[in-house]
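Single-structure report; data block below.
Protein chains: 2
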Amino acid sequence: MASKPFISAHDVAERAGVSRSAVSRTFTPGASVSAETRRRVLQAAEELGYHVNQLARGLMRRESGIVCLIVSDAATPYRSALLRELTIHLQNAGKVVMLINTDRSDDSVGNALRQAIRYQAEASIILSGLPDKSITQLCLKNGQRMVLINRDDDQPGPLRINLKDEEAGRRVALVFERAGCRTVAFANSEAGTPSLMARERGFVSAAKALGMEVCVERFGWTGYEAGKVLAHRLLTRAIRPEAVFCATDLLACGFMDAARLEFGLSVPEQLCLVGFDDIEQAAWESYKLTTFAQPLQAIANAAVSWLCDPQETDNLLHVSRLLLEPDLIWRRSVRGG
Amino acid sequence: MASKPFISAHDVAERAGVSRSAVSRTFTPGASVSAETRRRVLQAAEELGYHVNQLARGLMRRESGIVCLIVSDAATPYRSALLRELTIHLQNAGKVVMLINTDRSDDSVGNALRQAIRYQAEASIILSGLPDKSITQLCLKNGQRMVLINRDDDQPGPLRINLKDEEAGRRVALVFERAGCRTVAFANSEAGTPSLMARERGFVSAAKALGMEVCVERFGWTGYEAGKVLAHRLLTRAIRPEAVFCATDLLACGFMDAARLEFGLSVPEQLCLVGFDDIEQAAWESYKLTTFAQPLQAIANAAVSWLCDPQETDNLLHVSRLLLEPDLIWRRSVRGG
DNA sequence: TTGTAGGCGTTATCAC
DNA sequence: GTGATAACGCCTACAA
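This is the structure:
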């Protein structure tokens, strides 16, 4: 019994007294099987505990049903929320998700993609890092679709989903002006990813255009602790900013905590704060952070429907790009509103 | 070219001027190939962009390399942290993770396991819900190993990893006594999972034994909002508890926010609070929550090493159980310490 | 060390 | 509608 623990279609066919093909057809949606055969096959399968072997099926059909999710820092609130949304959409589309954790290096993304190829993944969705051009080409050549979320890359082939980060930055400048702030700041991480930099760019240029005093500070990765450090740097300046736009909610939470608890500043009376991502904690009573909501549903929906529907092949050769708009969620970290 | 986008070992063999088996051996660790053949194969493979097809390899070797992670509410801080740890350990062990999101129902877990079988997963790790006995048997019969984390189940076969929840509850009662609290409470969710109930049991019995006034409130799922509701219920009682043990950090955060911001209570002076999980937010300045740290590393390590090393088969027939001890992390939500 | 032959479990094709 | 037969891409004896 230990020698043959796997039940194959052959076994089912034998028990049901039909041919292997009949079994196969029974489990192939839209194949023609008589009701009687079907019934007998199903019963035999049930009794034997038979399940179709997707590895073998994928081999034949040349479609594995596997979609790779490539991500680093997956335990972060924003990332895990996006991951959840993607996973759910993918499952609803009948796909199965293979999760690959990378560190922040680009070649670890390359390794992840290589694994995706080995497992004949139908598509890869990349949430962190940026693969080498040659790898991307390799994936495409292997018939794999690719989706890049919040990555900047202008190679043709992958679908790129981005947010209007620069515009968001501009909007915040306006919001601060309406709140009566004249000297403002941008708190960024050193990660230097395109979306982070775009927010900075939009904010700084708009603030300057509005005649505000604006400064920028960058430190560490985009986490809570970095936010505290950024607060120390910005709030000890000769002229203290009245409002700061944090590149990320996590930064904003750290910033707010330091501002209140260590500098005794009250938000929003003495300091206006805006974040980005709308992580769950942004809505917590201690923060009530005004922030931009990532359109997670829209992102997941776009990604999944794009890679599922077999669109025209020539379409694939073009650069496909989707630009989504984040919603500004008003809470209580900015005056007025 | 669109007709044959896949490069097979056959193509590589042709280009390298060797047989298909030589190619196969080159990519099989520990097979005997001459250095020269190996070199030529590797070169041809590189030029062609060949990658071993794991689906086909898995079919032959009867080992897919796939391990399923079955989880609901994966975006929650504790769950995502555990997920990350497991994923990393699994990857380091050369496995590839298949992520399956379930809702909280047990039959959705069953479906997930069925999928695991279809993909010939070598093992499944279950973080939420509890599969039906028959499904578990089916998995085991299909040669699949199973790990249940923080689930209660006494079927033989799966490895069960649990925490000493009841003991943790008892420890908290002692901590509260040392802080000079006489009337205490346990804030729980209605989920009623074994680990949550064990914490409650341990705490309540120990508190009673210490002669304390103890009450219990249960509401909703184990999230931030539920914590706020629980605070409302417990803090409006005729005799207000001086200390409460929350079943979860998320509950504790909600509880603390409501206590401070809506009831004007100061923690820990007027109210002592202890949580469970040690999620990242528990360390944030606004909370500084005294809590139990889940031994995530130990859990992941135990799970992965158990399902990777080919231990004796008869061992599998016994109930394997691992009982881990959570560390109490002292922060500032309890007096004394 | 190397090549040949057979099989893993499935589906697609084609006669019946 | 049904059953043989030939793939799919790979691995593993076995013989050379």
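Just so you know, the sequences run in chain order A and B. All residue numbers for the first sequence refer to the UniProt record's numbering, where the first residue is 1 and numbers rise by one. All residue numbers for the second sequence refer to the UniProt record's numbering, where the first residue is 1 and numbers rise by one. Glycine included, C-beta positions come from ideal geometry on N, C-alpha and C.
Next on the checklist: Give me the DSSP bridge partner(s) of D277 of chain A.
Outcome noted: Looking at the DSSP output, D277 of chain A sits in a beta bridge with A:A293.
Checklist entry - Which chain B residues are close to T290 of chain A, counting only those with a beta carbon under 9 Å from its beta carbon? => result Chain B residues near T290 of chain A: none, gap ~17 Å exceeds 9 Å.
Next on the checklist: Can you pull the chain B neighbours of A298 of chain A, defined as C-beta to C-beta under 8 Å?
Outcome noted: In chain order: nothing, as chain B lies at least about 17 Å away.
Item to check | Segments of 3+ residues assigned as beta strand (DSSP E) that fall wholly inside the region 215–266 of chain A | outcome: Inside the region 215–266 of chain A, DSSP marks whole beta strand (DSSP E) runs of 3 or more residues at positions 243–246, from first to last along the chain.
Next on the checklist: Q54 of chain A and Y50 of chain B - do their beta-carbons sit closer together than 7 Å?
Outcome noted: Contact: no.
Checklist entry - L140 of chain A CB to nearest chain B CB: under 7 Å? => result Not one chain B Cβ lies under 7 Å of L140 of chain A.
Checklist entry - To which residues of the same chain is A185 of chain A closer than 6 Å at the C-beta, ignoring the five residues directly before and after it? => result Excluding sequence neighbours, A185 of chain A sits near C215, L234, P241, V244.
Checklist entry - If you scan the UniProt domain "HTH lacI-type" (7–61) of chain A from start to end, which runs of the beta strand (DSSP E) of 3 or more residues do you find wholly inside it? => result List check, beta strand (DSSP E) in window: nothing returned.
Checklist entry - Are V274 of chain B and V204 of chain B close, meaning C-beta to C-beta below 7 Å? => result V204 of chain B sits away from V274 of chain B, with the two beta carbons spaced by 7 Å or more.
Item to check | For S320 of chain A, the first and last residue of its enclosing beta strand (DSSP E) | outcome: In the DSSP assignment, S320 of chain A falls within the beta strand (DSSP E) that extends over 320–324.
Next on the checklist: Going by C-alpha to C-alpha distance, which of B:L196, B:G227, B:A238, B:C181 sits closest to G211 of chain B?
Outcome noted: It is B:C181.
Next on the checklist: In the DSSP output, which residue or residues are listed as bridge partners for S124 of chain A?
Outcome noted: Residue pairing of S124 of chain A in beta bridges, as defined by DSSP: A:C68, A:M146.
Next on the checklist: Looking at chain B, is there any beta carbon in it that lies within less than 7 Å of the beta carbon of Q144 of chain A?
Outcome noted: Chain B, which has no Cβ nearer than 7 Å to the Cβ of Q144 of chain A, makes this no.
Item to check | Helix, strand or coil at C181 of chain B according to DSSP, with G and I counted as helix | outcome: Three-state DSSP puts C181 of chain B in coil, outside helix and strand.
Next on the checklist: According to DSSP, is R171 of chain A part of a helix, a strand, or is it coil?
Outcome noted: Helix at R171 of chain A.
Checklist entry - When we look at the beta-carbon of P156 of chain B and count the other beta-carbons within 10 Å, is it buried (16 or more) or exposed? => result By the 10 Å Cβ count, P156 of chain B comes out exposed.
Next on the checklist: Which residue wins for smallest C-alpha separation from A168 of chain A, given the options A:Y224, A:I7, A:A179, A:L328?
Outcome noted: Per the Cα distances, A:L328.
Checklist entry - Going by Cα to Cα distance, which pick from B:A238, B:F276, B:A44, B:P295 is closest to K288 of chain B? => result When each option's Cα is compared against that of K288 of chain B, the closest is B:F276.
Checklist entry - Does the Cβ of M98 of chain B have 16 or more other Cβ atoms within 10 Å, making it buried, or fewer, making it exposed? => result Per the 10 Å Cβ criterion, buried.
Next on the checklist: Spatial neighbours of E14 of chain A within its chain, please: C-beta separation below 8 Å, excluding the five flanking residues on both sides.
Outcome noted: Closer than 8 Å at the Cβ level, and outside the excluded window around E14 of chain A, lies no residue.
Checklist entry - Does DSSP classify L90 of chain A as helix, strand or coil? => result L90 of chain A falls in the helix class under three-state DSSP.
Next on the checklist: My assumption, with CB atoms under 8 Å, is that A44 of chain B sits in contact with V12 of chain B. Please give the rounded CB distance.
Outcome noted: A Cβ-Cβ distance of about 5 Å is found for the pair A44 of chain B and V12 of chain B, placing them in contact under the 8 Å criterion.
Checklist entry - Skipping 5 residues on each side, what residues in its chain have a beta carbon closer than 6 Å to that of residue 340 of chain B? => result Limits of chain B in this structure are 1 at one end and 337 at the other, which puts residue 340 of chain B out of reach.
Item to check | Counted within 10 angstroms of its Cβ, other Cβ atoms place A121 of chain A as buried (16 or more) or exposed | outcome: With 16 or more Cβ atoms within 10 Å of its Cβ, A121 of chain A is classed as buried.
Checklist entry - Under 9 Å Cβ-Cβ, which residues of chain A neighbour W330 of chain B? => result Result: empty, since nearest Cβ-Cβ is about 19 Å, beyond 9 Å.
Checklist entry - Which residues, taken in chain order from the region 263–285 of chain B, show a beta carbon closer than 9 Å to some beta carbon of chain A? => result Within the region 263–285 of chain B, the residues whose Cβ lies closer than 9 Å to any Cβ of chain A are, in chain order, E280, Q281, A283, W284, E285.
Checklist entry - H10 of chain B CB to nearest chain A CB: under 7 Å? => result Against chain A, the CB of H10 of chain B has no partner CB under 7 Å away; the residue lies outside that interface.
Item to check | Helix, strand or coil at R331 of chain A according to DSSP, with G and I counted as helix | outcome: Note: R331 of chain A maps to coil in three-state DSSP.
Item to check | contact_flag[the region 63–78 of chain B, the region 121–131 of chain B] where n(CB pairs < 8 Å) is 3 or more | outcome: Yes: at least three Cβ pairs fall under 8 Å.
Checklist entry - On the three-state DSSP scale, how would you describe L138 of chain B? => result Note: L138 of chain B maps to helix in three-state DSSP.
Item to check | Interfacial residues, the region 108–137 of chain B to chain A, with Cβ spacing under 8 Å | outcome: Listed in sequence order: R114, Q115, I117, R118, Y119, Q120.
Checklist entry - For E213 of chain B, does the three-state DSSP call read helix, strand or coil? => result Here E213 of chain B carries a strand assignment [DSSP, helix/strand/coil].
Checklist entry - Should M98 of chain A be flagged as near chain B, meaning a C-beta pair shorter than 7 Å? => result At least one CB of chain B lies nearer than 7 Å to the CB of M98 of chain A.
Checklist entry - Quick one: which chain B residues come within Cβ less than 9 Å of R233 of chain A? => result Ordered by position in chain B, no residue passes the 9 Å Cβ test against R233 of chain A, which lies about 17 Å from the chain.
Checklist entry - When we look at the beta-carbon of G202 of chain A and count the other beta-carbons within 10 Å, is it buried (16 or more) or exposed? => result G202 of chain A is buried by the Cβ-count criterion.
Checklist entry - Does I88 of chain B get closer than 7 Å to chain A when you measure Cβ to Cβ? => result So, interface residue.
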